[in-house]
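Engineer: In this note's numbering, the protein residues as written are 636 to 792.
First the structure, then my questions, so here it is.
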(Lines of atoms letter the chains of each structure in order from A and count residues from 1; the text may use other names and numbers.)
(Lines give C-alpha, C1' and ligand atoms only; values in the text may rest on other atoms or scores of the structure.)
Protein backbone atom coordinates (compact mmCIF):
# COMPACT_ATOMS: atom_id res chain seq x y z
CA UNK A 1 0.00 0.00 0.00
CA UNK A 2 1.52 3.29 -1.10
CA UNK A 3 1.22 6.15 1.33
CA UNK A 4 0.06 9.55 0.11
CA UNK A 5 1.78 11.62 2.77
CA UNK A 6 2.61 15.26 2.07
CA UNK A 7 5.63 16.79 3.83
CA UNK A 8 5.85 20.36 5.08
CA UNK A 9 8.26 22.27 7.27
CA UNK A 10 7.05 24.72 9.92
CA UNK A 11 7.21 27.65 9.54
CA UNK A 12 6.03 28.01 5.96
CA UNK A 13 3.42 29.46 3.64
CA UNK A 14 1.30 26.30 4.00
CA UNK A 15 0.78 27.03 7.69
CA UNK A 16 -2.69 28.21 8.77
CA UNK A 17 -3.04 31.89 9.69
CA UNK A 18 -2.49 32.59 13.37
CA UNK A 19 -0.24 29.64 14.16
CA UNK A 20 3.07 31.51 13.90
CA UNK A 21 1.72 34.46 15.88
CA UNK A 22 0.65 32.26 18.79
CA UNK A 23 3.86 30.22 18.72
CA UNK A 24 6.00 33.38 18.63
CA UNK A 25 4.07 34.90 21.56
CA UNK A 26 4.62 31.75 23.63
CA UNK A 27 8.33 31.69 22.69
CA UNK A 28 8.67 35.32 23.73
CA UNK A 29 6.86 34.70 27.03
CA UNK A 30 9.03 31.67 27.83
CA UNK A 31 12.22 33.37 26.57
CA UNK A 32 13.03 30.61 24.09
CA UNK A 33 14.31 30.84 20.55
CA UNK A 34 11.42 31.18 18.07
CA UNK A 35 13.67 30.11 15.17
CA UNK A 36 13.27 26.37 14.57
CA UNK A 37 11.91 23.90 12.05
CA UNK A 38 9.34 21.18 12.64
CA UNK A 39 8.60 18.57 9.99
CA UNK A 40 4.85 18.07 9.45
CA UNK A 41 3.52 15.04 7.60
CA UNK A 42 -0.08 15.35 6.41
CA UNK A 43 -1.70 11.97 5.84
CA UNK A 44 -3.81 11.58 2.73
CA UNK A 45 -6.59 9.65 4.49
CA UNK A 46 -7.87 8.99 7.99
CA UNK A 47 -7.01 5.32 7.52
CA UNK A 48 -3.42 6.27 6.71
CA UNK A 49 -3.27 8.46 9.84
CA UNK A 50 -4.52 5.58 11.98
CA UNK A 51 -2.12 3.15 10.30
CA UNK A 52 0.87 5.40 11.04
CA UNK A 53 -0.06 6.57 14.54
CA UNK A 54 -2.39 3.89 15.95
CA UNK A 55 -4.45 6.82 17.27
CA UNK A 56 -8.25 7.00 17.14
CA UNK A 57 -9.86 9.38 14.67
CA UNK A 58 -10.76 11.95 17.33
CA UNK A 59 -7.02 12.66 17.72
CA UNK A 60 -6.11 15.18 14.98
CA UNK A 61 -2.32 14.92 15.12
CA UNK A 62 0.61 13.61 17.11
CA UNK A 63 4.06 15.04 17.87
CA UNK A 64 7.19 13.02 18.55
CA UNK A 65 10.87 13.89 18.24
CA UNK A 66 10.48 16.95 16.03
CA UNK A 67 7.87 15.43 13.74
CA UNK A 68 4.12 16.10 13.56
CA UNK A 69 1.81 13.62 11.81
CA UNK A 70 -1.65 14.99 11.05
CA UNK A 71 -4.94 13.84 9.68
CA UNK A 72 -5.67 15.27 6.21
CA UNK A 73 -5.76 19.07 6.47
CA UNK A 74 -9.13 19.14 4.71
CA UNK A 75 -10.64 16.91 7.43
CA UNK A 76 -9.24 19.17 10.15
CA UNK A 77 -10.41 22.27 8.25
CA UNK A 78 -13.96 20.89 8.01
CA UNK A 79 -13.92 20.21 11.76
CA UNK A 80 -12.74 23.81 12.29
CA UNK A 81 -9.61 22.73 14.16
CA UNK A 82 -6.71 22.93 11.69
CA UNK A 83 -5.12 26.05 13.20
CA UNK A 84 -5.67 24.75 16.74
CA UNK A 85 -4.15 21.34 15.96
CA UNK A 86 -1.05 22.69 14.20
CA UNK A 87 -0.49 25.28 16.95
CA UNK A 88 -0.88 22.63 19.67
CA UNK A 89 1.61 20.24 18.08
CA UNK A 90 4.20 22.93 17.26
CA UNK A 91 3.99 24.09 20.89
CA UNK A 92 4.84 20.53 21.96
CA UNK A 93 8.05 20.96 19.98
CA UNK A 94 8.79 24.30 21.65
CA UNK A 95 8.26 22.88 25.12
CA UNK A 96 10.02 19.55 24.64
CA UNK A 97 13.02 21.29 23.07
CA UNK A 98 13.46 23.67 26.00
CA UNK A 99 11.90 22.10 29.10
CA UNK A 100 11.55 18.73 30.83
CA UNK A 101 7.94 19.05 31.95
CA UNK A 102 5.56 16.54 33.47
CA UNK A 103 2.90 15.60 30.91
CA UNK A 104 0.08 17.35 32.79
CA UNK A 105 2.05 20.62 32.90
CA UNK A 106 3.05 20.48 29.22
CA UNK A 107 -0.47 19.69 28.01
CA UNK A 108 -2.11 22.00 30.53
CA UNK A 109 0.11 24.93 29.53
CA UNK A 110 -0.54 24.36 25.81
CA UNK A 111 -4.29 24.10 26.35
CA UNK A 112 -4.25 27.22 28.53
CA UNK A 113 -2.18 29.23 26.04
CA UNK A 114 -4.36 28.22 23.10
CA UNK A 115 -7.56 29.20 24.92
CA UNK A 116 -9.04 25.73 25.26
CA UNK A 117 -12.37 25.60 27.06
CA UNK A 118 -12.93 22.99 29.76
CA UNK A 119 -16.47 22.35 28.59
CA UNK A 120 -15.17 21.34 25.15
CA UNK A 121 -12.49 18.99 26.46
CA UNK A 122 -12.73 15.43 27.69
CA UNK A 123 -10.44 12.67 28.87
CA UNK A 124 -6.82 13.47 29.62
CA UNK A 125 -6.92 16.93 28.04
CA UNK A 126 -9.70 17.99 30.39
CA UNK A 127 -7.84 16.52 33.37
CA UNK A 128 -4.56 18.23 32.40
CA UNK A 129 -6.16 21.65 31.94
CA UNK A 130 -8.11 21.33 35.22
CA UNK A 131 -4.90 20.40 37.06
CA UNK A 132 -3.01 23.27 35.41
CA UNK A 133 -5.70 25.79 36.37
CA UNK A 134 -5.82 24.42 39.92
CA UNK A 135 -2.07 24.20 40.57
CA UNK A 136 -0.49 26.99 38.52
CA UNK A 137 -1.50 30.54 39.48
CA UNK A 138 -1.36 32.96 36.52
CA UNK A 139 1.30 35.11 38.13
CA UNK A 140 3.56 32.05 38.65
CA UNK A 141 3.29 30.43 35.21
CA UNK A 142 6.68 31.69 34.01
CA UNK A 143 8.49 30.80 37.25
CA UNK A 144 7.02 27.30 37.34
CA UNK A 145 7.79 26.65 33.68
CA UNK A 146 11.28 28.11 34.13
CA UNK A 147 12.02 25.66 36.94
CA UNK A 148 11.82 22.86 34.34
CA UNK A 149 14.04 24.60 31.77
CA UNK A 150 16.84 22.48 30.30
CA UNK A 151 18.98 25.42 29.14
CA UNK A 152 19.65 28.97 30.24
CA UNK A 153 17.25 31.42 28.54
CA UNK A 154 20.27 33.24 27.08
CA UNK A 155 21.64 29.96 25.66
CA UNK A 156 18.25 29.18 24.14
CA UNK A 157 18.65 32.12 21.79
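Backbone N, C-alpha and C fix where the C-beta goes; we use that ideal spot for every residue, glycine too.
(1) Pull up the distance between the alpha-carbon of residue 682 and that of residue 691, whole angstroms please.
(2) Indicate the three-state DSSP secondary structure (helix, strand or coil) for residue 705 in the structure shown.
(3) Tell me the DSSP bridge mates of residue 696?
(4) Please look up how many angstroms separate the CB atoms of residue 729 and residue 667, rounded, as I've assumed it's under 8 Å.
(5) Looking at the secondary structure, which residues open and close the beta strand (DSSP E) in which residue 677 lies?
(6) Would a check of beta-carbon distances place residue 699 closer than 7 Å to chain B?
Structural biologist: Here's the rundown:
(1) 10 Å
(2) strand
(3) Assignment of beta-bridge partners to residue 696 by DSSP yields 705.
(4) Going by Cβ atoms, the distance from residue 729 to residue 667 rounds to 6 Å, so yes, they are a contact pair.
(5) 673-677
(6) Among the chains of the structure shown, chain B does not appear; only one protein chain is present.
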